[in-house]
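Each remark here refers to the structure printed beneath this line.
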Amino acid sequence: MSKPSNQNSLFGLPVIVAALGYFVDIYDLLLFGIVRVPSLKDLGLNEQQVSEVGASILNWQMGGLLLGGILWGVLGDKKGRLSVLFGSIVTYSIANILCGFIQDTSFLPATELYKYLRFVAGVGLAGELGAGITLVSEILPKELRAIGTSLVAGIGLFGAVVAYFTVEVFGDWRVAYFVGGGLGIGLLLLRIGVVESGMFKGVTEQKHIARGDFLSFFTNGERFVRYLKCIGIGLPTWFVIGILATFSNEFGKALGIEEPIKPGLSIMWCYVGLAGGDLASGFISHYFHSRKKAVALLMAFAGVFSLIYLFAGVKSATMLYVLCLAMGFGIGYWAMFVTIGAEQFGTNLRATAATTIPNMVRGTVIFMTGLYGYFKPSVDVIYAGAIVGLICFVLGFYSTLTVPETHGKDLDFIES
Numbered sequence: 004m005s006k007p008s009n010q011n012s013l014f015g016l017p018v019i020v021a022a023l024g025y026f027v028d029i030y031d032l033l034l035f036g037i038v039r040v041p042s043l044k045d046l047g048l049n050e051q052q053v054s055e056v057g058a059s060i061l062n063w064q065m066g067g068l069l070l071g072g073i074l075w076g077v078l079g080d081k082k083g084r085l086s087v088l089f090g091s092i093v094t095y096s097i098a099n100i101l102c103g104f105i106q107d108t109s110f111l112p113a114t115e116l117y118k119y120l121r122f123v124a125g126v127g128l129a130g131e132l133g134a135g136i137t138l139v140s141e142i143l144p145k146e147l148r149a150i151g152t153s154l155v156a157g158i159g160l161f162g163a164v165v166a167y168f169t170v171e172v173f174g175d176w177r178v179a180y181f182v183g184g185g186l187g188i189g190l191l192l193l194r195i196g197v198v199e200s201g202m203f204k205g206v207t208e209q210k211h212i213a214r215g216d217f218l219s220f221f222t223n224g225e226r227f228v229r230y231l232k233c234i235g236i237g238l239p240t241w242f243v244i245g246i247l248a249t250f251s252n253e254f255g256k257a258l259g260i261e262e263p264i265k266p267g268l269s270i271m272w273c274y275v276g277l278a279g280g281d282l283a284s285g286f287i288s289h290y291f292h293s294r295k296k297a298v299a300l301l302m303a304f305a306g307v308f309s310l311i312y313l314f315a316g317v318k319s320a321t322m323l324y325v326l327c328l329a330m331g332f333g334i335g336y337w338a339m340f341v342t343i344g345a346e347q348f349g350t351n352l353r354a355t356a357a358t359t360i361p362n363m364v365r366g367t368v369i370f371m372t373g374l375y376g377y378f379k380p381s382v383d384v385i386y387a388g389a390i391v392g393l394i395c396f397v398l399g400f401y402s403t404l405t406v407p408e409t410h411g412k413d414l415d416f417i418e419s
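4 is the number of the first residue of the sequence shown in the working numbering; add one for each residue after it.
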């Protein structure tokens with residue numbers, strides 16, 4: 004029996020390049036949140052303008068992610084997984100380098116230019132994880148898929164830590180953008196040796212099969228429900244990141260913590276935990292021979308520590324950051340969630356599913372923050388967060404328990 008080639012091993016080039024690609028992706032995805040205040044103040048905005056304009060720019064980036072998720076997903080199934088891996092990183096790398104040069108121009112104010120560049124960056128950032136997970140899932144043997152995709156996300160998520168410390172070390176938001184863009188351009192050189200998925204090549208030879216048809220998720224009832232459940236599985240992840248960590252300064256005040264809480268630090272610790280959870284989730288799934296059991300276990304872990312965060316009467320900043328680390332570990336089923344999305348659908352729709360699903364979840368943050376803001380005046384910060392969390396975790400557990408199991412599933416099939 005022949006040994007698997009380097010391309011088909013856990014430490015082969017596709018896994019390494021996908022992991023490094025996601026590392027750069029996360030670095031650039033979170034960078035604006037980290038440099039939002041200093042960059043906008045440097046552009047001459049006051050405190051109120053920083054809040055309002057910063058929220059607007061962030062929404063433009065999230066809008067880019069939603070649009071890019073569909074664009075790159077469809078391209079991934081029509082033109083190939085590698086085309087997305089190359090195209091997405093070129094897009095967001097150039098956008099990030101240009102962000103480092105932002106200033107007022109004769110035809111456009113700096114803040115408007117900033118908004119449009121973050122939109123373009125969002126479009127580019129949407130393609131990296133889905134295409135990488137799809138490629139790795141189709142190249143690795145089925146018994147190694149869970150571990151391989153967990154390695155991709157576990158290593159990649161440390162990009163958040165590097166982004167935080169890049170800003171801290173250099174103290175210049177423009178340099179941080181240059182570093183992100185430079186990392187992306189350097190990564191392109193590594194991608195030259197990566198081969199296309201054999202499953203995708205096989206489908207392209209069958210001319211009668213429609214590939215990358217995004218609307219087909221909505222034209223078949225059973226497929227539509229599968230698609231919605233895949234999105235539902237991911238909701239608790241961005242509740243923890245987008246509400247509990249992002250607004251940790253508000254929760255800190257509501258809990259009576261005297262030391263000011265830094266949301267950037269909360270997010271960083273959350274992503275440290277997330278990286279650890281993602282590395283563990285593949286081995287947990289491998290041990291239980293089940294994607295669903297691994298996700299449910301970690302989701303329950305996140306749920307318990309979210310309750311402790313909200314209702315245990317935390318009184319120190321240190322403990323709050325520790326809880327962010329613990330909740331981050333619990334939502335470390337992110338890679339498993341994307342893998343489930345990739346495994347649920349046939350080769351002709353797999354990249355579209357794996358790329359749009361995580362970006363749809365990211366997009367729900369807009370609704371989460373809206374609900375959180377709606378309930379705050381009537382029930383206070385703690386209970387507003389709890390209501391949003393209850394909705395996300397109920398939908399998350401229901402989706403996880405009722406979605407079809409995909410552990411060990413043969414992925415060489417198509418959606419009719």
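Just so you know, even glycine gets a beta-carbon here, dropped at the ideal spot from N, CA and C.
Please read these numbers as outputs of a predicted model, since none were measured by experiment.
- Counting the other Cβ atoms within 10 Å of the Cβ of residue 55 gives fewer than 16, which makes it exposed.
- Apart from the 5 residues on each side of it in sequence, residue 167 sits with its Cβ closer than 7 Å to the Cβ of 37, 267, 271 in its chain, given in chain order.
- For residue 326, the enclosing alpha helix (DSSP H) stretches over residues 320 to 333.
- Here residue 34 is buried. Its C-beta has 16 or more other C-beta atoms within 10 Å.
- Excluding the 5 residues flanking it on each side, residue 121 has same chain C-beta neighbours closer than 8 Å at 35, 60, 61, 63, 64, 67, 98, 102, in chain order.
- Contact annotation: the stretch 349 to 361 does not touch the stretch 297 to 308, with fewer than three C-beta pairs closer than 8 Å.
- Judged by DSSP in its simplified three-state form, residue 163 adopts helix.
- Counting C-beta pairs closer than 8 Å gives fewer than three between the stretch 106 to 121 and the stretch 381 to 395, which falls short of the contact rule.
- Inclusion of residue 19 and residue 160 in the CB contact set at 8 Å is not warranted, their separation being larger than that value.
- A direct Cα-to-Cα measurement between residue 149 and residue 136 gives close to 10 Å.
- Just so you know, the alpha carbons of residue 111 and residue 76 end up roughly 32 Å apart.
- Residue nearest to residue 186 within the set 74, 71, 23, 312 is 23 (criterion: CA-CA distance).
- Look at residue 110 here: in three-state DSSP terms it is coil, with no helix or strand label.
- Per DSSP, the continuous alpha helix (DSSP H) segment holding residue 375 begins and ends at 368 to 405.
- By the C-beta criterion, the stretch 287 to 299 is judged not to be in contact with the stretch 221 to 233, since fewer than 3 inter-stretch pairs fall below 8 Å.
- Bounds of the alpha helix (DSSP H) holding residue 289 are 266 to 291.
- With at least 16 other beta carbons inside 10 angstroms of its own, residue 250 counts as buried.
- In this chain, residue 349 is not harboured by any alpha helix (DSSP H), its DSSP state being neither H nor E.
- Restricting attention to 41, 72, 388, 69, the CA atom closest to the CA of residue 244 is found in 388.
- In the DSSP assignment, residue 336 falls outside any alpha helix (DSSP H), carrying neither H nor E.
- DSSP places residue 223 outside both helix and strand once states are collapsed to three, so it counts as coil.
- In this structure residue 134 touches residue 87 by the C-beta definition: roughly 4 Å separates them, less than 8 Å.
- Burial check for residue 27: the Cβ neighbour count within 10 Å reaches 16 or more, so the residue is buried.
- Secondary structure at residue 105: coil, using DSSP grouped into helix, strand and coil.
- Look at residue 127 here: in three-state DSSP terms it is helix.
- In its chain, beyond the 5 residues on either side, 278, 281, 282 have a beta carbon closer than 6 Å to the beta carbon of residue 157.
- According to the DSSP assignment, residue 17 belongs to the alpha helix (DSSP H) that extends over 16 to 45.
- In the DSSP annotation of this structure, the continuous segment of the alpha helix (DSSP H) that includes residue 66 starts and ends at 50 to 81.
- Counting along the chain, residue 147 sits inside no alpha helix (DSSP H), nor does DSSP assign it H or E at all.
- Here DSSP, grouped into helix, strand and coil, assigns residue 317 to coil.
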